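Here the structure is laid out as structure tokens; the discussion comes afterwards.
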Amino acid sequence: METSGLTAHISRRFNKDLEDLRNKVLAMGGLVEAQLSLAIKAIVTGDSELGLQVAIDDYKVNNLEVNIDEECGRILATRAPAAGDLRLIVAIIKTITDLERIGDEAEKIGFLASKLAAMDRPADSYRELKTLGGHVAHMLRDAMNAFARLDVDDAWEVVREDEQVDEEYEAIQRQCITFMMEDPRSIKRVMNVTWCARSLERIGDHAKNICEYVIYMVQGRDVRHTVVPETTDS
Amino acid sequence: MSEAARRFLIGMLAFLLAGAIIGWMYGRPDLGLLVAALLALAWQVRKLLGFERALRTGNFDAFRFGEGIWEQLFSRFRFESEKSARHKKSYRQLLREIRKSTNAMPDGAVILNAENEIIACNRAAKHLVGLRRKKDRGQRVDNFIRDPELSRLLQSGDIGWSVEIASPLVDYKWLNCRLVGYGADQKLLLVRDVTERIRLSKMRRDFVANASHELRSPLTVISGYLDSLADDEQMPRSWEKAVAQMRAQAKRMQHILGELLELSRLEGSAREGSEESVDVVELMNEARLAFDGHTDIAGIVVNAESTTQLHGKAAEIETVIINLLSNAIRYTPPDGNITLTWRSDASGGELVVADTGEGIDAEFIPRLTERFFRVDKGRSRDEGGTGLGLAIVKHVLLRHDAKLVIKSEPGKGSEFCCRFPAKRLLVAEPVALS
Numbered sequence: 000m001e002t003s004g005l006t007a008h009i010s011r012r013f014n015k016d017l018e019d020l021r022n023k024v025l026a027m028g029g030l031v032e033a034q035l036s037l038a039i040k041a042i043v044t045g046d047s048e049l050g051l052q053v054a055i056d057d058y059k060v061n062n063l064e065v066n067i068d069e070e071c072g073r074i075l076a077t078r079a080p081a082a083g084d085l086r087l088i089v090a091i092i093k094t095i096t097d098l099e100r101i102g103d104e105a106e107k108i109g110f111l112a113s114k115l116a117a118m119d120r121p122a123d124s125y126r127e128l129k130t131l132g133g134h135v136a137h138m139l140r141d142a143m144n145a146f147a148r149l150d151v152d153d154a155w156e157v158v159r160e161d162e163q164v165d166e167e168y169e170a171i172q173r174q175c176i177t178f179m180m181e182d183p184r185s186i187k188r189v190m191n192v193t194w195c196a197r198s199l200e201r202i203g204d205h206a207k208n209i210c211e212y213v214i215y216m217v218q219g220r221d222v223r224h225t226v227v228p229e230t231t232d233s
Numbered sequence: 000m001s002e003a004a005r006r007f008l009i010g011m012l013a014f015l016l017a018g019a020i021i022g023w024m025y026g027r028p029d030l031g032l033l034v035a036a037l038l039a040l041a042w043q044v045r046k047l048l049g050f051e052r053a054l055r056t057g058n059f060d061a062f063r064f065g066e067g068i069w070e071q072l073f074s075r076f077r078f079e080s081e082k083s084a085r086h087k088k089s090y091r092q093l094l095r096e097i098r099k100s101t102n103a104m105p106d107g108a109v110i111l112n113a114e115n116e117i118i119a120c121n122r123a124a125k126h127l128v129g130l131r132r133k134k135d136r137g138q139r140v141d142n143f144i145r146d147p148e149l150s151r152l153l154q155s156g157d158i159g160w161s162v163e164i165a166s167p168l169v170d171y172k173w174l175n176c177r178l179v180g181y182g183a184d185q186k187l188l189l190v191r192d193v194t195e196r197i198r199l200s201k202m203r204r205d206f207v208a209n210a211s212h213e214l215r216s217p218l219t220v221i222s223g224y225l226d227s228l229a230d231d232e233q234m235p236r237s238w239e240k241a242v243a244q245m246r247a248q249a250k251r252m253q254h255i256l257g258e259l260l261e262l263s264r265l266e267g268s269a270r271e272g273s274e275e276s277v278d279v280v281e282l283m284n285e286a287r288l289a290f291d292g293h294t295d296i297a298g299i300v301v302n303a304e305s306t307t308q309l310h311g312k313a314a315e316i317e318t319v320i321i322n323l324l325s326n327a328i329r330y331t332p333p334d335g336n337i338t339l340t341w342r343s344d345a346s347g348g349e350l351v352v353a354d355t356g357e358g359i360d361a362e363f364i365p366r367l368t369e370r371f372f373r374v375d376k377g378r379s380r381d382e383g384g385t386g387l388g389l390a391i392v393k394h395v396l397l398r399h400d401a402k403l404v405i406k407s408e409p410g411k412g413s414e415f416c417c418r419f420p421a422k423r424l425l426v427a428e429p430v431a432l433s
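These protein sequence lines map, in sequence, to chains A and B. 0 is the number of the first residue of the first sequence in numbering that gives the first Met the number 0; add one for each residue after it. 0 is the number of the first residue of the second sequence in numbering that gives the first Met the number 0; add one for each residue after it.
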């Protein structure tokens, strides 16, 4: 069965290659999503073992990136794709870079979680990180769904959502500064919290990037560094 | 040939013949025949055009009655088209009923083809995992439910196996996904909301773990004082027996609590920790040596049919062997035999503990791994078992993807067989598993 968004080719092998490539990217997305949710869980529950496990498992994401990258290179070399297919390959090459970065950020969060677990925990057990993390995980999920469905409207939705994440990050930063001023002994711990929030915010940015590639892939226009429209105009 | 067709043919021939005869009377039979043929043709063309117009406009008044071939053709046509319309209607009705019933199902159902691409899904699937019925058709289902566990299930195509995944839509929800074979080359993915069940079993697990933990500290105090009481010179002789009994029982309680904690640890951490290659035969020999000094127990034989190593946790496999072996010793008279066997082939490995003891009734076998289950209600735990050994064995085996198969015949003996799948075996040279 052909996916609606991809054009049909005379060479069925080519079709299958492209379809496989897309499936692989989505599988990689699934792995990254799982890593992110485990990393957030490790922070919230104070599970140092889980945090370390996430940090160790990052190699799986890296392997997939290399694997998909090679596959893209092979298709570019042997099939010389044009138009929509070329955009698909270009978008995939960019998407996997962002996914890999998200994996790296998740690794960082996992590592920080294992460090934070050893320190005394605040009464709210990092609720603000949980909220931000939930938000970002949601963005990543929607970004991958938009990629799977090639849905421009959903992609715009995620791009718009990124502003909210930035605001939340700002709020956490303010809160952290207040904590550090109140009690200088907590600086070490709160610094780690800031790093976590920073990583989560970066993940939001990467999810936004992926959505911009989706828009590029479907409509062929580059919407990076442009004004985000209030409502979708397409 | 039907009556109408025969009449049509005869009429046609008669008309042409009449034309030829009239022409012959005027001396030109060929011209007569030609005129008759042209007239017949014109008549048929008129009828044909009329029929076409009737089909187009749906107004069949001109053809409704009569015996001629066109009228017959029309009634035949009307009969067939009404029949197919009737069938269509009943099929549509049936389809609507089926769709209604699949939509009423509380469980999500997704029909997949051999490539795991979505063919159809019901409404519950939409709500549980966020599939869109029209838009997502033809795409692979694991493009939307991107859980690595589910991808593994789909790739293995294992019918009847199920995995539990976090809901892609709501954070705290859990879904159970299972594959069912469906027609030729198709699969049905059933998705069920198991949040409540998972929550309950977690509550139960936490309760057992917390209760055991809370009971432990008072028990430590009690047995500590009992120990110093037993050593006290000034204690009256008459109390000595009572204190000894109390010490023994306190020790047993500690043992039970220890096993309960172990059990909840095994249940709780489904995560794979560091696993290594395990030499099963060596563990068997060690277990045998542990019982070496005892004289009043059955003879133990270690039967190493294979040297293949197992990929797993050595400490946990050791617990399995010790538990099965001490069970066997407990239920086998001193003149009996106990055999520990490790064998392997292409289909997997088997760790077997067989004895010639009293055996178990078939009706009890399925319940043996329940916590605190006792075959003989009258029998106390004088033999020293905690009632948790087989439950621990079961959970360790679950963590190693293995199954416990129990065969037993009362009076003849029992056989506890742990079957490990082939992927758990390290063949010849140990390869680094990622």
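C-beta atoms are modelled at their ideal positions from N, C-alpha and C, and glycine is treated no differently. The structure presented is a predicted model; accordingly, all values stated were derived computationally and were not measured.
Check your understanding: Roughly how many angstroms separate the alpha carbons of residue 233 of chain A and residue 61 of chain A, rounded to a whole number?
Key -> By 1-based counting over the first sequence, the position of residue 233 of chain A is 234. By 1-based counting over the first sequence, the position of residue 61 of chain A is 62. Residue placement at residue 233 of chain A is poorly supported in this model, since its pLDDT is 46, which falls under 50; the coordinates still yield a value, given next. Cα to Cα, the separation comes out at about 35 Å.
Review point. Going by beta carbon distance, what residues of the same chain come within less than 7 Å of residue 323 of chain B, once the five residues before and after it are set aside?
Key: Indexing the second sequence from 1 puts residue 323 of chain B at position 324. So the qualifying residues of the chain are 352, 392, 415.
Exercise for review: Give the residues of chain B in contact with residue 32 of chain A, contact being defined as C-beta atoms less than 7 Å apart.
Suggested key: Here residue 32 of chain A refers to the residue found at position 33 of the first sequence. Correct list: 145.
Review point. If we ignore side chains and look at the alpha-carbon of each, how far apart do residue 432 of chain B and residue 159 of chain A end up?
Key: Here residue 432 of chain B corresponds to residue number 433 of the second sequence, with the count starting at 1. Here residue 159 of chain A corresponds to residue number 160 of the first sequence, with the count starting at 1. Per-residue confidence for residue 432 of chain B stands at a pLDDT of 49, beneath the threshold of 50, marking its modelled position as unreliable; no derived number is given.
Practice item. Output, in chain order, the set of chain B residues within a Cβ distance shorter than 9 Å of residue 26 of chain A. Key: In the first sequence, counting from the first residue as 1, residue 26 of chain A sits at position 27. In chain order: 141, 142, 145, 147, 150.
Practice item. Spatial neighbours of residue 3 of chain A within its chain, please: CB distance less than 7 Å, with the 5 preceding and 5 following residues excluded, ordered by chain position. Key: Start at 1 with the first residue of the first sequence, and residue 3 of chain A comes out as number 4. Here the model assigns residue 3 of chain A a pLDDT of 44, short of 50, so the residue's position is not dependable, and the following value carries that caveat. No residues qualify anywhere along the chain.
Practice item. Helix, strand or coil for residue 310 of chain B, going by three-state DSSP, please let me know. Key: As a first step, residue 310 of chain B must be located in the second sequence, where it is residue number 311. The answer is strand: DSSP assigns residue 310 of chain B an E or B state.
**Study point:** Residue range of the beta strand (DSSP E) that includes residue 204 of chain B
**Key:** Position 205 of the second sequence, counting from 1, holds the residue named residue 204 of chain B. Run containing residue 204 of chain B: none in the beta strand (DSSP E); it sits in the alpha helix (DSSP H), 194 to 230.
**Study point:** Spatial neighbours of residue 90 of chain A in its chain, beta-carbon cut-off 8 Å, leaving aside the 5 residues before and after
**Key:** Residue mapping note: residue 90 of chain A aligns to position 91 of the first sequence, counting from 1. Once the five neighbours on either side are set aside, the close Cβ partners of residue 90 of chain A are 212, 213, 215, 216.
Review point. DSSP on residue 224 of chain A, reduced to helix/strand/coil?
Key: Translated into the one-based positions of the first sequence, residue 224 of chain A becomes position 225. DSSP places residue 224 of chain A in coil when its eight states are reduced to three.
**Study point:** Cutoff 6 Å; reference residue 27 of chain A; Cβ partners in own chain excluding five residues on either side
**Key:** Here the question's residue 27 of chain A lines up with position 28 in the first sequence. Cβ neighbours of residue 27 of chain A beyond the five flanking positions: 63, 98.
Check your understanding: Does the beta carbon of residue 112 of chain A come closer than 8 Å to any beta carbon on chain B?
Key -> What you label residue 112 of chain A is simply residue 113 of the first sequence in a count that begins at 1. No, its Cβ sits nowhere closer than 8 Å to a Cβ of chain B.
Check your understanding: Taking DSSP as the reference, what is the three-state secondary structure of residue 368 of chain B?
Key -> Counting from 1 along the second sequence, the entry for residue 368 of chain B is found at position 369. DSSP places residue 368 of chain B in coil when its eight states are reduced to three.
**Study point:** Exposure label - residue 429 of chain B; buried when at least 16 CB within 10 Å
**Key:** Reading the second sequence from its first residue, position 430 is the one you call residue 429 of chain B. Confidence in residue 429 of chain B is poor, its pLDDT being 46 and thus under 50, which makes the residue's placement unreliable; the coordinate value appears in the next sentence. Under this definition residue 429 of chain B is an exposed residue.
Check your understanding: For residue 181 of chain B, does the three-state DSSP call read helix, strand or coil?
Key -> Here residue 181 of chain B is taken as the residue at index 182 of the second sequence, counted from 1. Strand.
Check your understanding: According to a CB-to-CB cut-off of less than 9 Å, which residues of the stretch 130 to 148 of chain A neighbour chain B?
Key -> 133, 136, 137, 140, 143, 144, 146, 147, 148
**Study point:** Close-in-space but distant-in-sequence residues of the same chain around residue 133 of chain A (CB under 8 Å, 5 per side omitted)
**Key:** By one-based count along the first sequence, residue 133 of chain A stands at place 134. Excluding sequence neighbours, residue 133 of chain A sits near 39.
Review point. Any idea what DSSP makes of residue 275 of chain B, helix, strand or coil?
Key: On the second sequence, position 276 is the one that residue 275 of chain B refers to. Residue state, collapsed to three classes: strand.
**Study point:** Contacting positions in the stretch 12 to 23 of chain A - beta carbon closer than 9 Å to chain B
**Key:** 18, 21, 22
Review point. Near residue 259 of chain B, what residues of its chain come up, given a Cβ to Cβ distance below 7 Å and the 5 sequence neighbours on each side ignored?
Key: Residue 259 of chain B sits at position 260 when you count from the first residue of the second sequence. Correct list, in chain order: 207, 211, 387.
Check your understanding: So is residue 102 of chain A buried or exposed if we call it buried at 16+ other beta carbons inside 10 Å?
Key -> What you label residue 102 of chain A is simply residue 103 of the first sequence in a count that begins at 1. The residue is buried, with at least 16 neighbouring Cβ atoms inside 10 Å.
Check your understanding: Checking contacts by CB at 8 Å: is residue 165 of chain B closer than that to chain A?
Key -> Mapped onto the second sequence, residue 165 of chain B falls at position 166. Closer than 8 Å: yes.
Check your understanding: Among B/136, B/137, B/135, B/176, which residue has its Cα nearest to the Cα of residue 148 of chain B?
Key -> Within the second sequence, residue 148 of chain B is the residue found at index 149, counting from 1. Looking at the Cα atoms, B/176 is the closest of the given residues.
Review point. Which term fits residue 33 of chain A, buried or exposed, when burial requires 16 or more other beta carbons within 10 angstroms of its beta carbon?
Key: Within the first sequence, the letter at position 34 stands for residue 33 of chain A. It counts as buried.
Point to revise | For residue 52 of chain B, the residue or residues it bridges with in DSSP | key: Counted from its first residue, the second sequence places residue 52 of chain B at position 53. Note: residue 52 of chain B sits in no beta bridge, so no partner.
Exercise for review: Could you give the DSSP three-state label for residue 174 of chain B: helix, strand or coil?
Suggested key: The residue given as residue 174 of chain B occupies position 175 in the second sequence. Residue state, collapsed to three classes: strand.
Practice item. Please work out which residues of its chain come closer than 7 Å, Cβ to Cβ, to residue 0 of chain A, disregarding the five sequence neighbours upstream and downstream, and give them in chain order. Key: Numbered from 1 along the first sequence, position 1 holds the residue referred to as residue 0 of chain A. Unreliable positioning characterises residue 0 of chain A in this predicted model, as indicated by a pLDDT of 42, which lies under 50. The coordinate reading is nonetheless provided below. None.
Practice item. Have a look at A/205, A/226, A/164, A/218 and flag the residue whose alpha-carbon is nearest the alpha-carbon of residue 196 of chain A. Key: Against the first sequence, residue 196 of chain A aligns to sequence position 197. Nearest C-alpha to residue 196 of chain A: A/164.
Check your understanding: Taking the C-alpha atoms as reference points, what is the distance between residue 166 of chain B and residue 286 of chain B?
Key -> Position 167 of the second sequence holds residue 166 of chain B. Position 287 of the second sequence holds residue 286 of chain B. Answer to the nearest angstrom: the Cα atoms are 44 Å apart.
Review point. Hey, does residue 365 of chain B have any beta-carbon neighbour from chain A nearer than 8 Å?
Key: Your numbering for residue 365 of chain B matches position 366 in the second sequence. No, residue 365 of chain B does not count as interfacial toward chain A.
Check your understanding: So with Cβ pairs under 8 Å, would you call residue 134 of chain B a contact of chain A?
Key -> Taking the first residue of the second sequence as 1, we reach residue 134 of chain B at position 135. True, the Cβ-Cβ gap to chain A drops below 8 Å.
Practice item. Return the residue from the list A/228, A/74, A/219, A/125 that minimises the CA-CA distance to residue 189 of chain A. Key: Mapped onto the first sequence, residue 189 of chain A falls at position 190. When each option's Cα is compared against that of residue 189 of chain A, the closest is A/125.
Exercise for review: Could you tell me whether the Cβ of residue 170 of chain B comes closer than 8 Å to any Cβ of chain A?
Suggested key: Here the question's residue 170 of chain B lines up with position 171 in the second sequence. Closer than 8 Å: yes.
Check your understanding: Can a CB atom of chain B be found closer than 8 Å to the CB of residue 36 of chain A?
Key -> Locating residue 36 of chain A in the first sequence gives position 37, counting from the first residue. Answer yes: the Cβ-Cβ gap between residue 36 of chain A and chain B drops below 8 Å somewhere.
Review point. Relative to the alpha-carbon of residue 140 of chain B, which residue among A/138, A/148, A/135 has its alpha-carbon at the smallest distance?
Key: Here residue 140 of chain B corresponds to residue number 141 of the second sequence, with the count starting at 1. With distances taken between Cα atoms, residue 140 of chain B lies closest to A/148.
Exercise for review: Using a Cβ cut-off of 8 Å (strictly closer), state whether residue 29 of chain A contacts chain B.
Suggested key: Position 30 of the first sequence, counted from the start, is the residue given in the question as residue 29 of chain A. Output row for residue 29 of chain A: interface = yes.
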